[in-house]
Amino acid sequence: MAETKEHVLTHPFSQIIYKMHLILLVARTMMENGADSDRTSQYIMRTAAYMGIPAENVSCHIAYTTIMLNIKDEERTYTRFSKCRTHRVNMLVLSAVSRMIWRAMRDAWSLERFESEMEKLDERKAPYSGLLTALGASFACAGSCALFGCDLAAFFITALSAFIGFYARRFCNEHGFNVYAGIAIAAFAATLAAVLLQGLDLSATPMLPIVACTLFIVPGVPLINAANDLLNHFITSGMTRAFDTLLIVCSTAFGMAIALRLGHVSSFTTVSLSPGEIYLYHPLAAAIAAGGFSLIFSVPRRLLWVVSTGGIITILLRNICMFELGMSQAAGTFLASAFVGVLALFAIHWFHTPNIVLTIPSAIPLIPGVLLYRFFFTLLNINEVSTPLLLAALRNGVEAATIIAGIAIGVAIPSIFWSRQIQRNKIAQEKKLLASRFVDQED
1 MAETKEHVLT HPFSQIIYKM HLILLVARTM MENGADSDRT SQYIMRTAAY MGIPAENVSC
61 HIAYTTIMLN IKDEERTYTR FSKCRTHRVN MLVLSAVSRM IWRAMRDAWS LERFESEMEK
121 LDERKAPYSG LLTALGASFA CAGSCALFGC DLAAFFITAL SAFIGFYARR FCNEHGFNVY
181 AGIAIAAFAA TLAAVLLQGL DLSATPMLPI VACTLFIVPG VPLINAANDL LNHFITSGMT
241 RAFDTLLIVC STAFGMAIAL RLGHVSSFTT VSLSPGEIYL YHPLAAAIAA GGFSLIFSVP
301 RRLLWVVSTG GIITILLRNI CMFELGMSQA AGTFLASAFV GVLALFAIHW FHTPNIVLTI
361 PSAIPLIPGV LLYRFFFTLL NINEVSTPLL LAALRNGVEA ATIIAGIAIG VAIPSIFWSR
421 QIQRNKIAQE KKLLASRFVD QED
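Going by the UniProt record's numbering, the first residue of the sequence shown is number 1, and it counts up by one from there.
This is the structure in C-alpha cells:
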C-alpha cells in the first residue's frame with residue numbers, strides 16, 4: 001500500500017533514501033551557485049524539517065567539493081554524500097531555492113513535486129543573455145575604473161577591454177579549457193587590449209584601464225565566502241575556498257604580466273589610484289560597478305536597483321570614513337559593509353530574498369582587486385624589483401587581506417551578534433508552518 005503524503009512528511013524514516021537524495025540536491029545546488037557553508041547547512045536543516053526529520057537526527061559535513069549527510073536514530077543510521085562538480089555565482093538560484101523551501105513547508109509539497117521544482121530550477125535559463133552579461137562585466141570594470149579617477153575615454157577603453165576579456169574567458173569555458181588557464185587567457189586578452197588602446201593617446205589617464213580591465217575576474221564572492229566559512233568554523237571549506245581564490249588571482253596576474261611584457265609596459269604597481277569627486281562622481285561609478293557585477297552574478301531583475309543603491313551606500317560611507325574621519329581603508333570598508341549588513345537584516349523582509357543576494361553584490365565594489373594584483377605581479381617579477389617596491393607589495397598584500405576580512409566580518413555582523421535571535425525566529429516560523437500544514441486536510 002502506497003504511503004500517503006502526510007505519512008511521508010511526518011515520519012522521519014519514511015522514504016529516507018529519497019529524502020536524503022533531495023536534501024543533498026538542495027545542498028549541492030547551494031554550494032555550486034555561491035552560497036557559503038553556514039547558509040548551506042541552514043538550508044539542509046530546513047529541508048529536513050520540511051520532510052519531518054528532527055534536527056537532532058541530522059548531521060552534515062560540508063567541504064568545498066563534497067557534502068556528507070547522516071541521518072540516524074537509536075536503531076539505525078544512513079549516510080550519503082554528494083560531489084559539487086562546478087562552482088559559480090548565481091544569486092537568482094539562491095533566492096529561488098530559499099523561496100521554494102518555504103513554500104514546500106507551507107503547502108506540504110509531496111517529495112515528487114519538490115524534486116520536480118528543483119529540476120525546473122536546474123533547467124531554468126540564465127536571467128541575462130551572454131551579451132548582456134558581457135556588457136555587465138564591461139561596465140563593472142569601467143565603474144571600478146571611474147572609482148580610481150579615470151576620465152571618460154579611459155572609462156570606455158576599460159569597458160571595451162573587459163568585454164574582450166570576458167568573451168575570451170567564455171570561449172575557454174565553452175571549449176573545455178582548464179579553469180585557471182581560461183582565467184589567465186582572459187586576463188591576457190583584456191590587458192593586451194587595454195595596452196594596445198593606450199597607444200592611441202585617447203585618455204589623460206591611460207594606465208587606469210590596464211589596472212581595472214580585469215576586475216571582472218576578481219573572485220569577490222569566493223573571497224568573502226572563504227572568510228565567512230573560517231569565521232563560522234567551516235575550516236576545511238574555508239581554506240579550500242581561500243586556495244582556490246589564490247589560484248584565480250595568481251592566474252590573473254600571470255596573464256596580465258605576459259600582456260604587459262608584450263606591450264613593453266614595465267609595471268602598473270605605482271599607478272596612482274587617487275579618486276576624483278568623491279560625493280558626486282563616486283556614487284554614480286559605484287552604482288554602475290555594483291549593477292554590472294549584479295549581471296555577472298545573475299541577481300534577480302527586480303533587485304538590480306536595490307543592489308546598485310547598496311553599492312552607492314557602501315562607497316559613500318567608506319569615503320566619509322576615510323576622507324572626512326581620517327580612518328584607514330580597512331576600517332572604512334568594515335563600517336560600510338557592517339551598515340549594509342545590518343540594513344539587509346530589515347531589507348530581506350521588504351524584498352523577500354536571502355540577505356546574501358543583497359549584501360554581497362553591494363559590497364563587491366569594495367573588494368581590493370587591484371591591491372591583490374599588485375602584490376602577485378610584484379612576486380612574479382621578484383628578481384627585478386627593488387627592496388622598497390617589494391616592501392610596498394607586501395604592504396599591498398596585507399592591506400588587501402585586512403580589507404577582505406573587514407568586508408566579510410561587516411556583512412556578517414547580523415549573524416555574529418544576532419545569530420541566536422535570527423535562528424530562533426526562523427525555527428519558530430518553521431514550527432508554525434509545520435504545525436498548520438495538515439490541519440483540516442483530508443488524506
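Note that the Cβ used here is the ideal one computed from N, Cα and C, for glycine as well.
Note that the coordinates shown come from a computational prediction; the quantities given were computed from them, not determined experimentally.
Item, Value
"Buried or exposed for Phe334, going by 16 or more other Cβ atoms inside 10 Å?", "buried"
"Output yes or no for whether 9 Å exceeds the beta carbon distance between Ile67 and Thr40.", "yes"
"State the Cα-Cα distance for the pair Leu358 and Glu384, rounded to the nearest angstrom.", "43 Å"
"Taking only three categories from DSSP, how would you classify Phe163?", "helix"
"Whole angstroms are fine: how far does the CA of Asp36 sit from the CA of Arg28?", "11 Å"
"CB Ser138 to CB Leu160, shorter than 9 Å?", "yes"
"What first and last residue would you give for the beta strand (DSSP E) that runs through Arg80?", "Thr77 to Lys83"
"Using three-state DSSP, classify Ile364 as helix, strand or coil.", "helix"
"For Cys84 versus Glu32, is the C-beta distance shorter than 9 Å?", "yes"
"Where does Thr353 fall in DSSP's three states?", "coil"
"Label Tyr303 either buried or exposed according to how many other C-beta atoms from any shown protein chain fall within 10 Å of its C-beta, with 16 as the threshold for buried.", "A small fix is needed here, since residue 303 is Leu in this sequence, not Tyr. Buried, because 16 or more other Cβ atoms sit within 10 Å of the Cβ of Leu303."
"Answer yes if the segment 397-415 comes into contact with the segment 331-351, meaning at least three C-beta pairs across the two stretches below 8 Å, and no otherwise.", "yes"
"Out of Ala193, Gly255, Ala134 and Phe148, which has the shortest C-alpha to C-alpha gap to Gly182?", "Gly255"
"Determine the extent of the beta strand (DSSP E) in which residue 462 is found, giving its start and end residues.", "Because the chain spans 1 through 443 in this model, residue 462 falls outside it and cannot be assessed."
"With Thr314 as the anchor, note down where its alpha helix (DSSP H) starts and where it stops.", "Leu304 to Asn319"
"State buried or exposed for Gly165, treating a residue as buried only when at least 16 other CB atoms are found within 10 Å of its CB.", "buried"
"Restricting to runs no shorter than 4 residues, where is the alpha helix (DSSP H) found entirely within the segment 65-141?", "91-107 and 111-123"
"In three-state terms, what does DSSP make of Asn225?", "helix"
"Using 9 Å as the threshold, is the C-beta distance between Thr252 and Phe376 below it?", "yes"
"For the segment 232-239 and the segment 195-202, state whether three or more C-beta atom pairs, one from each stretch, are separated by less than 8 Å.", "no"
"Report the three-state DSSP secondary structure of Ala285 (helix, strand or coil).", "helix"
"Between Ala227 and Thr245, how many whole angstroms is the CB-CB distance? I'm expecting something under 8 Å.", "Not quite, the Cβ-Cβ distance comes to about 10 Å (not below 8 Å), so this is no contact."
"Would the segment 423-431 count as touching the segment 393-401 if we require 3 or more Cβ pairs under 8 Å?", "no"
"When the Cα of Thr314 is compared with those of Met207, His282 and Leu94, which residue comes out closest?", "His282"
"For my contact list, Ala146 and Ile288 are in at a C-beta cut-off of 8 Å; report their separation, rounded to the angstrom.", "7 Å"
"According to DSSP, is Ala27 part of a helix, a strand, or is it coil?", "helix"
"Please check the pair Ile185 and Ala168, which I expect to be a contact at CB under 8 Å, by giving their CB distance rounded to whole angstroms.", "6 Å"
"Any idea if Ala305 is buried or exposed, counting beta-carbon neighbours within 10 angstroms, 16 or more meaning buried?", "A small fix is needed here, since residue 305 is Trp in this sequence, not Ala. Exposed: under 16 other Cβ atoms inside 10 Å."
"Would you mind giving the Cβ-Cβ distance between Thr38 and Asn232, rounded to the nearest angstrom? I have them listed as a contact below 8 Å.", "It should be pointed out that residue 38 corresponds to Asp in this sequence rather than to Thr. About 4 Å separates the two Cβ atoms, so the contact holds."
"Would you give the residue range spanned by the alpha helix (DSSP H) that Ala181 belongs to?", "Val179 to Gln198"
"What do you reckon, are the CB atoms on Glu115 and Leu22 nearer than 9 Å?", "yes"
"Look at the alpha carbon of Thr214 and the alpha carbon of Leu135, and state the distance between them as a whole number of angstroms.", "14 Å"
"In three-state DSSP terms, what is Leu231?", "helix"
"By the DSSP assignment, the alpha helix (DSSP H) with Gln42 in it spans what residues?", "Ser37 to Tyr50"
"Let's see if you can read the secondary structure: which residues bound the alpha helix (DSSP H) around Pro209?", "Leu208 to Ala212"
"List the whole-angstrom C-beta distance separating Ile367 from Ile407, where the pair is believed to meet the contact cut-off of C-beta under 8 Å.", "7 Å"
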